[in-house]
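The sequence shown begins at 4 in the working numbering and counts up by one.
Here a beta-carbon is modelled for each residue, glycine too, at the ideal position from N, C-alpha and C.
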Amino acid sequence: MFSIEVIIDAITFSNLIIALAIGLTLTYMTLKVPNFAHGDTAVIGIYTAYTLTIMLGIHPYASMPIAFLLGGGLSIITNILVYRVIGQKGGSITTLMIASIAVEVIIRSSLHIYADIMPKITSTFFRGFTFSKYDFSISIGEATLPGVLIVSTLTITGIVVSLYLFLTRTKFGTAMRATIENPSLASTLGVDVEKVYLVSWFLAGGLAALSGIFLAFQIPSDPESGWGLLLRVFAASVLGGLDNIFGAVLGGAVIGFSEILGIYLLSKPP
């Protein structure tokens, strides 16, 4: 019913939605407000990899650790300078949501400025580009597997397994789960709640940046790419329960597969 190419596209797209949904869930569990800037953090990852590729010749896959650190660092800075300050001043959920939208606008506007400036420096377009020409492929029988399928699947699988072991087998992971369940009680028991929040935001930002790189292997990217992903990621996170990291994995897989397979079925002639 479905060709191998459609299945490959569905798996690859699901992988990046899963990464984004995990990150969105992590920030929601600490902020209790959807992070509207989450999709733009993915675009930070795209432009980090693209800049390193164009200016330094670093392969997009090799730039993944740098993008992860940059995305995570940006999320921590945003949390400290914006959300923590508002929270300490007794800001309401509505105020936090408006602040999240404001952060999204600032990041997206900054990306537009960056995309306008960089062509003058590099003589290369910084809009509508893809990483597809940098990808590799592996042939297995009659099927050709693109590198982004292999890399994204291995990466997401490793992340999910690592998160499970981290949350269930380590002392800090236990502290993180306790903080998510009841921050006040966790703080009373000696858990450094703010440290837990910072780690959560770092992981969320890093995962978003990685997902952005995977996206750029599939479709043309520009500063608006993150906004286009946001609705899908919200749907995946809500489907997974909003406060359930591993539910976000299931939600991301369902949304990713549903969209790609649905588009294929609807585009087929009757």
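### Message
Only counting the same chain, and skipping five residues up and downstream in sequence, which positions put a Cβ closer than 8 Å to that of M58?
### Response
T125
### Length-filtered (4 minimum) alpha helix (DSSP H) runs lying within the segment 26-51
none
### Query
Per DSSP, which one or two residues make a beta bridge with F132?
S224
#### Entry: Proximity of F260 and S103 at Cβ, strictly below 7 Å
no
### Task
Throw me the rounded Cβ distance for the V236 and I20 pair, which I believe falls under 8 Å.
6 Å
### Query
Between N38, V88 and K174, which lies nearest to G193 when the distance is taken from Cα to Cα?
K174
### Task
Measure the C-alpha to C-alpha separation of F205 and K271 and round it to an integer number of angstroms.
42 Å
### Message
Could you give the first and the last residue of the continuous beta strand (DSSP E) run that contains I143?
### Response
S140 to I143
### Query
Using the beta-carbon count (16 or more within 10 Å), is L234 buried or exposed?
exposed
### Message
Taking the alpha helix (DSSP H) that A178 belongs to, which residues open and close that run?
### Response
K174 to E184
### Task
Determine, using beta-carbon pairs with one atom in the segment 102-118 and one in the segment 219-234, whether at least three such pairs fall under 8 Å.
yes
### Query
DSSP beta-bridge partners for T160?
In the DSSP output, where bridge partners are listed per residue, T160 has none listed.
#### Entry: Buried or exposed by the 16-neighbour rule on C-beta atoms within 10 Å, applied to N82
buried
### Query
Which one of T28, G265 and A219 has the shortest CA to CA distance from S135?
A219
### Query
What is the DSSP secondary structure of P149, reduced to helix, strand or coil?
strand
### Under the three-state DSSP convention, the category V194 falls into
coil
### Query
Could you give the residue range of the alpha helix (DSSP H) that holds I263?
I248 to S270
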